[in-house]
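For the protein sequence lines, the chains are A and B, in the order given. Counting with full-length UniProt numbering, you get residues 1 to 221 for the letters of the first sequence. Counting with full-length UniProt numbering, you get residues 1 to 221 for the letters of the second sequence.
Protein chains: 2
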Amino acid sequence: MSAVTSPLVWEHVQPAAARRLLTGAIDAFAERGFQATTTRDIASRAGMSPAALYVHYPSKERLLFEISLYGHRAALEVLRDAGDPAPDDIPGDAAPESSSSASVTADRSPAERLRAMVSAFTAWHAEHHTIARVVQYELAALTPEHLAEVAAIRRAISAQLEQVLADGVDDGSFAVEDLPGTTLAVLSLSIDVARWYTPHRAKPEDLGTLYGDLALRMVQA
Amino acid sequence: MSAVTSPLVWEHVQPAAARRLLTGAIDAFAERGFQATTTRDIASRAGMSPAALYVHYPSKERLLFEISLYGHRAALEVLRDAGDPAPDDIPGDAAPESSSSASVTADRSPAERLRAMVSAFTAWHAEHHTIARVVQYELAALTPEHLAEVAAIRRAISAQLEQVLADGVDDGSFAVEDLPGTTLAVLSLSIDVARWYTPHRAKPEDLGTLYGDLALRMVQA
DNA sequence: GTCTATAAAACGATAGAC
DNA sequence: GTCTATCGTTTTATAGAC
Numbered sequence: 001m002s003a004v005t006s007p008l009v010w011e012h013v014q015p016a017a018a019r020r021l022l023t024g025a026i027d028a029f030a031e032r033g034f035q036a037t038t039t040r041d042i043a044s045r046a047g048m049s050p051a052a053l054y055v056h057y058p059s060k061e062r063l064l065f066e067i068s069l070y071g072h073r074a075a076l077e078v079l080r081d082a083g084d085p086a087p088d089d090i091p092g093d094a095a096p097e098s099s100s101s102a103s104v105t106a107d108r109s110p111a112e113r114l115r116a117m118v119s120a121f122t123a124w125h126a127e128h129h130t131i132a133r134v135v136q137y138e139l140a141a142l143t144p145e146h147l148a149e150v151a152a153i154r155r156a157i158s159a160q161l162e163q164v165l166a167d168g169v170d171d172g173s174f175a176v177e178d179l180p181g182t183t184l185a186v187l188s189l190s191i192d193v194a195r196w197y198t199p200h201r202a203k204p205e206d207l208g209t210l211y212g213d214l215a216l217r218m219v220q221a
Numbered sequence: 001m002s003a004v005t006s007p008l009v010w011e012h013v014q015p016a017a018a019r020r021l022l023t024g025a026i027d028a029f030a031e032r033g034f035q036a037t038t039t040r041d042i043a044s045r046a047g048m049s050p051a052a053l054y055v056h057y058p059s060k061e062r063l064l065f066e067i068s069l070y071g072h073r074a075a076l077e078v079l080r081d082a083g084d085p086a087p088d089d090i091p092g093d094a095a096p097e098s099s100s101s102a103s104v105t106a107d108r109s110p111a112e113r114l115r116a117m118v119s120a121f122t123a124w125h126a127e128h129h130t131i132a133r134v135v136q137y138e139l140a141a142l143t144p145e146h147l148a149e150v151a152a153i154r155r156a157i158s159a160q161l162e163q164v165l166a167d168g169v170d171d172g173s174f175a176v177e178d179l180p181g182t183t184l185a186v187l188s189l190s191i192d193v194a195r196w197y198t199p200h201r202a203k204p205e206d207l208g209t210l211y212g213d214l215a216l217r218m219v220q221a
């Protein structure tokens, strides 16, 4: 686990057999894709017979949905924590004497926030590239109802990034002609990491640093 | 068809039934993915029975390979034409009195070439987003032998972009610390267009213009 | 909650008539 | 070169014993 990304643990998935099925499914879906993965493959990765899967999940699609939903929530949380306008607020280490919005010190600059957001979001996609691959490339296999639920989280992710770009345009530090288009481009940069990343290519933190810098150069005045 | 991208026609695929199967397969693979597409689906899009497919192609994978190979070649050609160092050399409209390398005028700047390459490569991924989706996201379904063949073309695509970045670093117009990492990031930007693009979002040319500008900002000194 | 066994359907690909 | 018919296999998911 990296210091710049939220840990991705599955302790909340109970019992342990359900958790083994879920992590096995993540690996299988990331390797072969949802459609090419069989329930036998998932079950065998969890050390079980194919039938045992259906005690814990009603269908293969439901397994995908649980993974996709939790993965999207984790990605949004990473972006929100990194882009918090309040300074000196280490994510996951809340200040005990005051809420972050009651801080008396000045907000971080849009440039600072954008760099931190892209850096953390990119590092998350690298660090958790298996679940990120499922999150980003298996949306078409979800039922319409489940897709709608994760699509809402995707819009929130996009809105987070668009807001910091808008803030930078407002205070003159950014020069962005096409705000939605540039937002999508910056998001693209991080998301595509899930497609090509393998651990031997680069360390997630280093990749995050590079991409945070590149994103800043894309928008700075 | 757009003026900034090579036309993508399939006249060379003969007879017409084979061509209908191929274009049907492109649409199906792009919509649902290779694994979720059935041979019955492809055949019915071509107005044929499932068995007729095997008169023209020995397997579903072979159909994917033909699409992937031709798509990769087209993408490389677009990048090469746009990044040609010789000036005033309109792609597909060769000068009759001299070869392009014998031109006496000065080469185009790395900045000009990079902008043109990213612009054309991005516009191609938008204009031909269905085949681009197959090209970029169905590599895992190829046999090892077929994958090796398209991987060689992918390395040539990456090398084209890395060369223009290296040229810009050499003449001082670009400031790039991590050359392979930045090459991959710029490529990523264009490739990810295939994931999200739909015609109502933007015109391919406009998207190319935006992305050419963003790529230039990412690397300029 | 896990197993063996299997149901019911869909799959890629083939056989043989025309 | 296209068809109908179907082979042999694999798939998701269920039934029922333990």
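For glycine and all other residues, C-beta sits at the position ideal for the given N, C-alpha and C.
- The Cβ-Cβ distance between Arg217 (chain B) and Met117 (chain A) does not fall below 8 Å.
- Contact with chain B is absent for Arg73 (chain A), since none of that chain's Cβ atoms lies less than 8 Å from the residue's Cβ.
- Under the 8 Å criterion on CB atoms, Ala159 (chain A) is classed as non-interfacial with respect to chain B.
- With a 10 Å radius around the Cβ and a threshold of 16 neighbouring Cβ atoms, Pro199 (chain A) comes out exposed.
- For Thr105 (chain B) and Arg80 (chain B), the gap between their C-alpha atoms comes out near 19 Å.
- The region 27-37 of chain A and the region 121-137 of chain A touch, with no fewer than 3 CB-CB distances between them shorter than 8 Å.
- Against chain B, the CB of Asp84 (chain A) has no partner CB under 8 Å away; the residue lies outside that interface.
- For chain A, the residues of the region 126-159 of chain B that bring a beta carbon within less than 8 Å of one of its beta carbons are Gln136, Tyr137, Ala140 and Ala141, in chain order.
- Between Thr39 (chain B) and Pro50 (chain B), the alpha-carbon positions lie close to 6 Å from each other.
- Close to Leu210 (chain A), with beta-carbon spacing below 9 Å, are these residues of chain B in chain order: Glu177, Asp178, Gly181, Thr182 and Ala185.
- Around the beta carbon of Tyr54 (chain A), a 10 Å sphere encloses fewer than 16 other beta carbons of the protein chains shown; the residue is thus reported as exposed.
- DSSP places Phe174 (chain A) in the strand class (E or B) of the three-state scheme.
- At a beta-carbon threshold of 7 Å, the residues of chain A lying near Gln35 (chain B) are Gly33, Gln35 and Ala36, ordered along the chain.
- The beta-carbon separation of Ala120 (chain A) and Ala82 (chain A), rounded to 4 Å, stays under the 8 Å limit for a contact.
- Beta-bridge partners of Gln136 (chain A) (DSSP): none assigned.
- When secondary structure is reduced to three states using DSSP, Gln220 (chain B) falls in the strand class.
- Against chain B, a Cβ distance below 7 Å from Ile191 (chain A) picks out Asp192.
- Ala106 (chain B): not part of any alpha helix (DSSP H); DSSP gives it neither H nor E.
- Within chain A, the C-beta atoms nearer than 8 Å to that of Met218 (chain B) come from Leu214, Arg217 and Met218, in chain order.
- The alpha-carbon of Ala123 (chain A) is positioned some 43 Å away from that of Arg19 (chain B).
- Between Leu179 (chain A) and Ala194 (chain A) the beta-carbon gap is near 24 Å, outside 8 Å, which marks them as no contact.
- Taken through DSSP and simplified to helix, strand or coil, Asp192 (chain A) comes out as coil.
- The CB of Ala116 (chain B) never comes closer than 7 Å to any CB in chain A; the least such distance is about 18 Å.
- The beta-carbon distance between Ile157 (chain A) and Leu76 (chain A), rounded to whole angstroms, is 5 Å. This is short enough to meet the 8 Å contact definition.
- Residues of chain A with a Cβ closer than 8 Å to the Cβ of Ala202 (chain B) are, in chain order, Gly181.
- In its chain, beyond the 5 residues on either side, Ala221 have a beta carbon closer than 6 Å to the beta carbon of Ala175 (chain A).
- At a Cβ-Cβ threshold of 8 Å, Gly71 (chain A) and Val134 (chain A) count as neighbours.
- Remark: C-beta atoms of Leu69 (chain B) and Val13 (chain B) do not approach each other more closely than 8 Å.
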